[in-house]
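**Student:** Okay, handing you the structure first.
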Amino acid sequence: MIARLQAVDDELMDLELEKGDLPKQIDAINSEISRLETRKTELDDQLGEVEKKKRVNEGSIELHKVKLDKYQNQLYSVTTNREYDAINQEIETCRAQIESVDNAQVSLLEEEEEIQGQIEPIDVRIDALQADLAEREEELKSKHADTETEELELQHDREKLIVRIKKPVVAHYERIRASRNGTGAARMYGGACGACFAVIPPQRQAEVRKLDDIILCESCGVIVLPEEEHMPAIAPDEI
Numbered sequence: 058m059i060a061r062l063q064a065v066d067d068e069l070m071d072l073e074l075e076k077g078d079l080p081k082q083i084d085a086i087n088s089e090i091s092r093l094e095t096r097k098t099e100l101d102d103q104l105g106e107v108e109k110k111k112r113v114n115e116g117s118i119e120l121h122k123v124k125l126d127k128y129q130n131q132l133y134s135v136t137t138n139r140e141y142d143a144i145n146q147e148i149e150t151c152r153a154q155i156e157s158v159d160n161a162q163v164s165l166l167e168e169e170e171e172i173q174g175q176i177e178p179i180d181v182r183i184d185a186l187q188a189d190l191a192e193r194e195e196e197l198k199s200k201h202a203d204t205e206t207e208e209l210e211l212q213h214d215r216e217k218l219i220v221r222i223k224k225p226v227v228a229h230y231e232r233i234r235a236s237r238n239g240t241g242a243a244r245m246y247g248g249a250c251g252a253c254f255a256v257i258p259p260q261r262q263a264e265v266r267k268l269d270d271i272i273l274c275e276s277c278g279v280i281v282l283p284e285e286e287h288m289p290a291i292a293p294d295e296i
């Protein structure tokens, strides 16, 4: 059974290879889009803060202009030099405050322009990536459609095989397979392990061919299977 399970897994891996590196490309594009969208959100937040400060400054300028008009109108009704000087001082203060806020507005406009200048290329890049993503996803979908039936059949075969093999054996097979690029079991070739090519002692070779028990490669840990010519028509369930 392990031999058949490895054969099924090999076929499933072949189907994955037919898809090429499209899944990795799609993941990479999605990651880049996510990174850019996060950066754009940060810039949008900065832009929002700038807009808020601009509105506050606009309100401040209007308030100072109202005060300025009021003080300028009061000049016509003063009766002493002291009152005239005091109102003139208030007028100068208002003008200075308006100028200060106006300068702050200019700085905010420059900051706003700089942030928008950073956002625009991000938008362009996201649009390009999304178009590229859609194209690659369509290509992967097409390839998946070509192999979907075969893949489902193989997955079904795999499930049927696994329930017939002892759980500890399956667990070891899966663990080794995960660490050796899909190989959890391998046949002997010329007295050596077919996975790592380490030489197997003659006594162990004989034990492998007897099929009485699961034999592991002492070098790489894969389940060692007999050569094809030593496989009986009906082997024990685990083998």
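All residue numbers for the sequence shown refer to my numbering, where the first residue is 58 and numbers rise by one.
Note that beta-carbon positions come from the ideal geometry of N, C-alpha and C, so glycine has one too.
Note that the coordinates shown come from a computational prediction; the quantities given were computed from them, not determined experimentally.
#1: Relative to the C-alpha of proline 225, which candidate in Leu79, Ile271, Gly247 has its C-alpha closest?
#2: Identify the residues that DSSP records as bridge partners of lysine 246: which are they?
#3: Going by the CB atoms, is the gap between methionine 70 and glycine 239 shorter than 8 angstroms?
#4: Hey, how far is the Cα of glutamate 167 from the Cα of lysine 97?
#5: Can the beta-carbon of leucine 211 be found less than 8 angstroms from the beta-carbon of valine 65?
#6: How about the stretch 212 to 222 and the stretch 192 to 200: do they share at least three Cβ pairs that are nearer than 8 angstroms?
#7: Considering only residues of the same chain and omitting the five flanking positions on each side of leucine 165, which have a CB-CB separation below 8 angstroms?
#8: Which residue marks the beginning of the beta strand (DSSP E) containing isoleucine 280, and which one marks its end?
#9: Just to confirm before moving on: does the CB-CB distance between isoleucine 155 and leucine 104 stay below 8 angstroms?
#10: Specify, as a first and last residue, the run of the alpha helix (DSSP H) that tyrosine 141 falls within.
#11: Does the Cβ-Cβ distance between alanine 235 and glutamine 63 come in under 8 angstroms?
#12: Could you tell me the distance, in whole angstroms, from the CA atom of lysine 267 to the CA atom of arginine 232?
#13: Considering only residues of the same chain and omitting the five flanking positions on each side of cysteine 277, which have a CB-CB separation below 6 angstroms?
#14: Determine the extent of the alpha helix (DSSP H) in which tyrosine 230 is found, giving its start and end residues.
#15: Does the beta-carbon of leucine 282 have 16 or more other beta-carbons within 10 angstroms, so that it is buried, or is it exposed?
#16: Going by DSSP in three states, valine 107 sits in which element: helix, strand or coil?
#17: Check this for me: beta carbons of isoleucine 148 and isoleucine 90, under 8 angstroms apart or not?
#18: Run the CB neighbour count on glutamine 262, radius 10 Å, all protein chains shown included, and call it buried at 16 or more, exposed below.
#19: Which residues bound the alpha helix (DSSP H) around lysine 267?
#20: In the DSSP assignment, what residue or residues form a beta bridge with valine 256?
#21: Around the Cβ of tyrosine 230, are there at least 16 other Cβ atoms within 10 angstroms (buried) or fewer (exposed)?
**Tutor:** Based on what the coordinates show:
#1: Nearest of Leu79, Ile271, Gly247 to proline 225, Cα basis: Ile271.
#2: The question names lysine, yet the displayed sequence has tyrosine at residue 246. In the DSSP assignment, the residues bridged to tyrosine 246 are Ala249.
#3: A contact, by the Cβ cut-off of 8 angstroms.
#4: Approximately 18 angstroms, taken between the alpha carbons.
#5: In contact: leucine 211 and valine 65 (Cβ atoms closer than 8 angstroms).
#6: Judged by Cβ distances under 8 angstroms, the stretch 212 to 222 makes no contact with the stretch 192 to 200, as fewer than three pairs qualify.
#7: Excluding its 5 nearest sequence neighbours in each direction, leucine 165 has C-beta neighbours in its own chain below 8 angstroms: Val107, Lys110, Lys111, Asn114, listed in chain order.
#8: Counting along the chain, the beta strand (DSSP E) containing isoleucine 280 begins and ends at 280 to 282.
#9: Pairing isoleucine 155 with leucine 104 gives a Cβ-Cβ distance that is not under 8 angstroms.
#10: Unbroken alpha helix (DSSP H) run through tyrosine 141: 138 to 219.
#11: Remark: C-beta atoms of alanine 235 and glutamine 63 do not approach each other more closely than 8 angstroms.
#12: So the two alpha carbons sit approximately 25 angstroms from each other.
#13: Here the set comprises Ala252, Cys253.
#14: Start and end: 224 to 236.
#15: Looking at its Cβ environment, which holds 16 or more other Cβ atoms inside 10 Å, leucine 282 is buried.
#16: Note: valine 107 maps to helix in three-state DSSP.
#17: No, the pair does not count as a contact, with Cβ atoms beyond the cut-off.
#18: So glutamine 262 counts as buried.
#19: That run of the alpha helix (DSSP H) goes 259 to 267.
#20: Beta-bridge pairing links valine 256 to Ala249.
#21: The residue is buried, with at least 16 neighbouring Cβ atoms inside 10 Å.
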